[in-house]
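First residue of the sequence shown? That's 141 in our numbering, and the numbers climb one at a time after it. We put the CB at the ideal spot given by N, CA and C, even for glycine. Just so you know, these numbers come straight off a predicted model, no measurement behind them.
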Amino acid sequence: MQSSIQARWHVVCVGFCMPALLGCTRAAPEQQLRATLEQMHQAIEACEIGTAMAPVAEDFVGENGLDAAGLRRLVQAQMLGNAQIGVTMGPVDVALRGDTATVQFTALFTGGNGRWVPDQAQTYQVTTGWRLQGSDWQLYHAQWAPAGRGKRVDRLKAPVGAVGRMVALVIVVDRDGGFAALVTSPILGANTCWRGRASGRNAQCL
């Protein structure tokens with residue numbers, strides 16, 4: 141009798157555990173891909189060209205036919221031209237298809253000489269193609285275009301003393317509560333950018 145009860149409990153446990161284990165197996169490739177993307181993100185901000193380019197496939201094709209060597213030169217030029225680079229990513233959408241994946245996100249790139257306010261900023265809508273090579277994800281395709289067309293832009297009143305003037309504000313928020321605000325205004329200048337972290341209802345500048 142006791143053996144029969146133990147056998148039944150064994151079947152029940154297997155029945156509950158197997159879906160969970162299969163779920164973890166299915167989630168692992170996406171988690172690995174997100175980790176690879178985050179490593180590239182951090183490497184670009186740290187100006188580590190080798191780490192940033194490590195996941196890029198040799199047959200990579202980017203915007204306007206850009207190849208892997210051209211992408212490396214483009215990224216390296218930005219690193220050499222800016223003492224500080226910032227990359228603030230919006231929500232990342234991952235679509236897995238077997239051993240390939242499409243990843244889409246919005247990213248705000250900033251660059252400057254290290255002062256509190258960056259000298260330049262641009263928001264892009266990015267679509268990337270990835271394939272699983274062995275146990276590693278490789279970036280084999282990417283397209284990017286300036287974001288904002290057809291996007292909602294909030295309008296806020298300008299500071300006191302600038303009656304009748306308006307500023308355009310675009311905010312990109314990531315999943316960890318970090319944010320970047322890009323302001324276009326005839327008062328503040330063409331592009332002014334702030335980066336910070338949300339804390340409750342308050343925003344802390346970084």
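Query: CA nearest to the CA of Leu220, picked from Ala208, Phe200, Gln244, Glu185; Result: Glu185
Query: Any 3 or more C-beta pairs closer than 8 Å across the segment 227-242 and the segment 267-285; Result: yes
Query: Cα-Cα separation between Ala192 and Leu236, rounded to whole angstroms; Result: 22 Å
Query: Contact belief for Thr267 with Gln283 at Cβ below 8 Å, rounded distance in angstroms; Result: 5 Å
Query: Beta bridge counterpart(s) of Ile189 as assigned by DSSP; Result: DSSP lists no partner for Ile189.
Query: Cβ neighbour criterion (16 or more within 10 Å) applied to Pro195; Result: buried
Query: Distance between Phe200 and Tyr280 (C-alpha atoms, nearest Å); Result: 4 Å
Query: Identity of the residues DSSP links to Asp233 by a beta bridge; Result: Gln244
Query: Helix, strand or coil at Ala282 according to DSSP, with G and I counted as helix; Result: strand
Query: Identified DSSP bridge partners for Asp276; Result: Gln273
Query: Extent of the continuous beta strand (DSSP E) to which Ala197 belongs; Result: 196-201
Query: Straight-line Cα distance separating Ala223 from Glu170; Result: 33 Å
Query: Cα-Cα separation, Ala247 to Ala183; Result: 15 Å
Query: Beta-carbon spacing of Phe249, Pro231 below 9 Å; Result: no
Query: Short Cβ contact (9 Å threshold) for Gly190 with Gly202; Result: no
Query: As assigned by DSSP and simplified to three states, the class of Ala388; Result: Limits of the chain in this structure are 141 at one end and 346 at the other, which puts residue 388 out of reach.
Query: Leu177 classed as buried or exposed, judged by whether at least 16 other C-beta atoms fall within 10 angstroms; Result: buried
Query: Exposure label - Ala175; buried when at least 16 CB within 10 Å; Result: exposed
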